[in-house]
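In the numbering used here, the protein residues as written are 1 to 227.
See the structure below:
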C-alpha cells in the first residue's frame with residue numbers, strides 16, 4: 001500500500017468522531033475499515049468517496065504596520081488571507097463527474113480560521129512584546145494542530161504538524177514587522193457523504209465478502225500535492 005493509504009488510515013483512526021461517524025452512518029464500510037484500514041482508504045479514494053491533499057510549500061507571511069496594536073491584529077488577518085490563497089489550489093479530479101475538477105475552497109474556511117488563529121497565538125506566546133527600536137527577535141515554534149468537522153456534503157479532516165520560524169522586527173519607532181516562515185506538513189482529507197452512501201449501499205448489496213475483495217485490490221494511490 002502507498003504512503004497515502006497508510007497515512008490517511010492513521011489520520012482517520014486518530015479521530016474518534018470520524019470513526020464513530022463511520023460506524024453509525026456507514027456500518028458496512030466501517031466493518032471493511034476494521035478488516036483492512038489501508039485497503040478501505042484506497043477503495044474510497046479510487047471510487048470518489050475520499051479526496052486527500054498534501055501541502056509541500058514554503059510558507060512566508062510578513063506584515064508591516066505603523067501602530068503596534070493594529071499591526072498585530074492585522075497580522076492575523078494577513079495569515080488567513082495567505083492560507084485562503086493556498087486553499088484556492090485545493091482541487092481534485094472528480095472521477096464521477098466526467099473527470100471535472102472539484103474545489104474545496106469553501107469547505108476549508110473553518111480550517112483556515114483555526115490554523116491562522118493557532119499560528120497567531122503561538123507567535124504571541126513566544127513574543128508577547130515588540131522588540132526595542134532597531135532590534136529584532138526570532139524563534140522556532142512547533143505546530144501540532146488539526147480538527148474534523150462537517151461542511152455541507154463533506155466531512156473534513158485536516159492536520160498541520162511541523163516547525164515555523166516567527167520573527168518580530170522594529171526598524172523604526174513606529175514601524176512594526178511580524179512574520180512567520182517555514183514548511184510544516186499540512187494534510188487534508190475530504191469525505192463525500194453522498195458518495196459514501198452509494199458505496200455503503202453497493203457493498204451491502206454485494207455482501208461483505210465481496211466488499212473484502214474490493215478493498216484487497218492492489219492500488220497505487222498518492223496524495224494530491226499542492227506545491
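Ideal Cβ placement from N, Cα and C applies to all residues, glycine included.
Does the pairing of the region 160–176 with the region 189–199 give three or more beta-carbon distances under 8 Å? By the criterion of at least three beta-carbon pairs nearer than 8 Å, the region 160–176 is not in contact with the region 189–199.
For the alpha helix (DSSP H) holding residue 213, just list the boundary residues, first then last. 208–216 is the span of the alpha helix (DSSP H), which, as asked, contains residue 213.
Work out the CA separation of residue 59 and residue 53 for me, nearest whole Å. Rounded to whole angstroms, residue 53 to residue 59 spans 17 Å at the Cα level.
Cβ neighbours of residue 16 in the same chain (closer than 8 Å, five flanking residues each side left out): Taking C-beta separations shorter than 8 Å and ignoring five residues to either side along the sequence, residue 16 has no partners in its chain.
Compare the C-alpha of residue 101 against each of 109, 89, 39 and name the closest. Ranking the options by Cα distance to residue 101, first place goes to 89.
Using only the alpha-carbon positions, how far apart do residue 67 and residue 79 sit? Computed Cα separation, rounded: 18 Å.
Just verifying my parser: in three-state terms, what is the DSSP assignment at residue 170? In this structure, DSSP gives residue 170 an extended state, which the three-state scheme calls strand.
Buried or exposed (CB count within 10 angstroms, at least 16 for buried), residue 34: Around the beta carbon of residue 34, fewer than 16 other beta carbons sit within 10 angstroms, so the residue counts as exposed.
For residue 23, the first and last residue of its enclosing beta strand (DSSP E): In the DSSP assignment, residue 23 falls outside any beta strand (DSSP E) and within the unbroken alpha helix (DSSP H) covering 16–25.
With the cut-off set at 8 Å, would you say residue 116 and residue 76 are in Cβ contact? One thing to note: residue 116 has its Cβ within 8 Å of the Cβ of residue 76.
CB residue 184 to CB residue 163, shorter than 8 Å? Contact flag set, yes.
Span of the alpha helix (DSSP H) holding residue 120? In the DSSP assignment, residue 120 falls within the alpha helix (DSSP H) that extends over 109–126.
In terms of alpha-carbon separation, which member of 62, 143, 69 lies closest to residue 81? Out of 62, 143, 69, 62 has the C-alpha closest to the C-alpha of residue 81.
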